[in-house]
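Enquirer: Residues in the sequence shown are numbered from 142 upward in steps of one, following my numbering.
Yeah, the Cβ is synthetic: ideal placement off N, Cα and C, and Gly gets one too.
Given the structure is predicted, the values throughout are model-derived calculations rather than measurements.
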Amino acid sequence: MNAIRLQTGTLEIKSDEKLNALVDFGSRINKKRGFLFVSKVLGKHLPTRPSLMKKTYKELASLIPQSDEPTLFIGFAETATALGQGVFEETHIKDSFYIHSTRFQTSQDIFFSFYEEHCHAPSHIFYEPKDTKLIEMLPKIKRVVLIDDEVSTGNTANNLVKQLKQVLPNVQKYYLLTILNWAKKEYDNFEYLSLYDGEFNFISKDMDFETTIVSEPKEPRDLDDIIPYNFARFGVEKLDLNLSKYIDIETLQDKKVLVLGTAEFMYPPYLIAKYLEDNGIDSYFQATTRSPVNIDGAISSKLSFKDNYFEDIDNFLYNVTDREYDKVLICYETTKLPDEFRLKEILEEWFDVSEVLMDDI
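1) Helix, strand or coil for G225, going by three-state DSSP, please let me know.
2) Measuring CA to CA, which of T151, L147, Y370 and Q307 is closest to T475?
3) For E219 and I276, what's the separation of their Cα atoms in angstroms?
4) Is the beta carbon of L177 within less than 6 Å of some heavy atom of the ligand SAH?
5) In the DSSP assignment, the beta strand (DSSP E) including K468 goes from what residue to what residue?
6) Where does D528 sit, in a helix, a strand or coil, going by DSSP?
7) For I153, does the three-state DSSP call read helix, strand or coil?
8) Does DSSP classify N460 as helix, strand or coil?
9) Need the endpoints of the beta strand (DSSP E) that T189 sits in, please.
10) Classify G421: buried if its beta carbon has 16 or more other beta carbons within 10 angstroms, exposed otherwise.
11) Buried or exposed: where does V228 fall if 16 or more other Cβ atoms within 10 Å of its Cβ makes it buried?
12) Can you grab the Cα-Cα spacing for the pair N492 / D236, in whole Å?
13) Using DSSP's beta-bridge definition, name the partner residues of K443.
14) So, is D463 buried or exposed, given that buried needs 16 or more other C-beta atoms within 10 angstroms?
15) Determine, using beta carbons only, whether L152 and G167 come nearer to each other than 7 Å.
16) Can you give me the Cβ contacts of P479 inside the same chain, cut-off strictly under 6 Å, excluding the 5 residues immediately before and after it?
17) Ordered along the chain, which non-local residues of its own chain (more than five positions away) have a Cβ less than 7 Å from that of M194?
18) Closest by CA to K477, which one among L334, D448 and L147?
19) Can D347 and L147 be called in contact, C-beta distance under 7 Å?
20) Would you kindly report the start and end of the unbroken beta strand (DSSP E) that includes V179?
21) Tell me whether A144 is buried or exposed, calling it buried when 16 or more other Cβ atoms sit within 10 Å of its Cβ.
22) Among L336, K159, L380 and D423, which has the Cα closest to the Cα of K468?
23) Would you check if the distance between the CB atom of F214 and the CB atom of D289 is smaller than 7 Å?
24) Can a CB atom of chain C be found closer than 7 Å to the CB of F451?
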């Protein structure tokens, strides 16, 4: 076992070439879970090539048993929204669709919700689809694929499947598809599928985790006017975006470009980064997060700012300011930005920065 010494304790793990290609290590500001597997393929805490992200989507999709049965793909906010949609897009199963959980409140009817205990922001909401076609598809769903970056115990997935069985009584098979699987307990409700199975032990330090970080809104309100678009929060069959309307490729030739997603809004910005890479531009993707972690291990720099969703939530951006880019594009699904939102202003100390407000199809 290798001993990874972090500010919050020691992570004992048997690492190998395959694991090292997928993750590095860091520490959380979280007394429930002081360690962090810093993914090299998600585009969240580390800048990631879009082609590497797509390769990961393909590899994960290949693990799902082949079937033409109608399938519901579910991704988890905020880390796995792009991961889930990317996997779904690689499967090409008829009469299937993708939806992801959200931590944002809207007036749309709630399909179901659950609470993730170890998480810094534990509430997950799943809204009913807005598209009548998708609503009519739900009773025909035979399989559900839950997609996340990692699973620790499987307990959260098991509790979720119990809820899903109540609202989707015709589903015959559930899968939990992850990049990393640390779970040891098998459950009757679902089957594990993962790129990497392993084990670890974390010896935590006795630390004071008192913090003023805000991860949940103090006064939740419906954000219908702020996030009216449906990029998967209300279910989608396929995103068909005209990416050229958001960027001018000619102005980015011979530049190193970082495309930033914001919070749960990851997959459409990833598509922009991939579009740039496909056209010969040195492009990377990453996203902001509300996950508070330390400058430690694989986390080499950190920016703090309030969110762009008008909820006064503390957001962060890691491993950007200590790197070099000719252009940074910040992408939003929000219709407008709060006056106190300062990410562009902060980044302009280091980079040439532009903002892209994206609307749906």
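Expert: So, from the listed chains and residues:
1) helix
2) Y370
3) 24 Å
4) Ligands displayed in this structure: none; no statement on the ligand SAH is therefore possible.
5) K468 to Y473
6) This structure leaves residue 528 out entirely; the chain is present only between 142 and 502.
7) Note on residue identity: the sequence assigns Glu, not Ile, to residue 153. DSSP places E153 in strand when its eight states are reduced to three.
8) When DSSP states are grouped into helix, strand and coil, N460 belongs to the coil group.
9) Run containing T189: none; DSSP gives neither H nor E here.
10) Flag for G421 reads exposed.
11) buried
12) Checking the sequence, you will find Phe at residue 492 rather than Asn. Distance between F492 and D236, taken at the CA atoms: about 44 Å.
13) Y459
14) exposed
15) no
16) F451
17) V182, G184, G227, Y411 and F426
18) Among L334, D448 and L147, the Cα nearest to that of K477 belongs to D448.
19) no
20) F176 to S180
21) exposed
22) D423
23) no
24) The question asks about chain C, but that chain is absent: this structure has only one protein chain.
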